[in-house]
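What the sequence shown shows, in this note's numbering, is residues 870 to 990, in sequence order.
Using N, Cα and C, we set each Cβ at its ideal position, and we do this for glycine too.
I have placed the structure first, in the form of structure tokens, so that the comments after it can refer back to it.
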Amino acid sequence: MKQIYTRIFTVTFSTGDSGYVYADKISPGNVLRVETCFAYAPERAASEEIILGIKDGAENIIIRATAPLAAQKGVSTENPFSMGEGDQLFAYFPSAEDADQLGIHVIGVLYSLDEWRKIRE
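Structure representation (structure tokens):
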């Protein structure tokens, strides 16, 4: 089985928070093919950095990191990528401030592992 996957994850930053926004973990037996994702913080200054990545167990795999001035108020991935069961997409806003809205938009296709194997052959 495969289904279109489109989700939005947002948080309001509070003093003492980590600056991370996490998407849902990929459930067992599934693979998510992310066609595009976008991390954003509309209230932030245009010169802050944003990091997009995948939390894979205890490791963070960086997909894209933008330097100040390049980030503007958001950043998107440049290429599609896949995530396996237990993986979790994240966006990190290192200099988020109190009451900032932080978010991730994710668009892709969620496959069962069996369906994923069929299309990979």
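Can you give me the Cβ contacts of E904 inside the same chain, cut-off strictly under 8 Å, excluding the 5 residues immediately before and after it?
Only P949, I976, G977, V978 meet the Cβ criterion.
On a Cα-Cα basis, can you pick out the residue from A965, E966, G972 that is closest to F959?
G972
Kindly indicate which three-state DSSP category E954 falls into: helix, strand or coil?
coil
Work out the CA separation of S896 and A940 for me, nearest whole Å.
Bear in mind that the predicted position of A940 carries a pLDDT of just 49, short of 50, making it unreliable; the figure below should be weighed with that in mind. In a straight line, the C-alpha of A940 is about 31 Å away from that of S896.
Can you confirm whether the stretch 923 to 934 touches the stretch 950 to 957 when touching is taken to mean that 3 or more C-beta pairs between the two stretches lie within less than 8 Å?
The stretch 950 to 957, when compared against the stretch 923 to 934, does touch it at the 8 Å Cβ threshold.
Test item: CB-CB of K942 and Y889 under 9 Å:
no
For V880, which residues in the same chain have their Cβ closer than 7 Å to its Cβ, ignoring the five residues on either side in sequence?
V890, L971
Give a yes or no on whether the C-beta atoms belonging to P963 and E917 are separated by under 9 Å.
yes
Quick test of your reading: I931 and I920, contact by CB under 8 Å. State the CB separation rounded to the nearest angstrom.
6 Å
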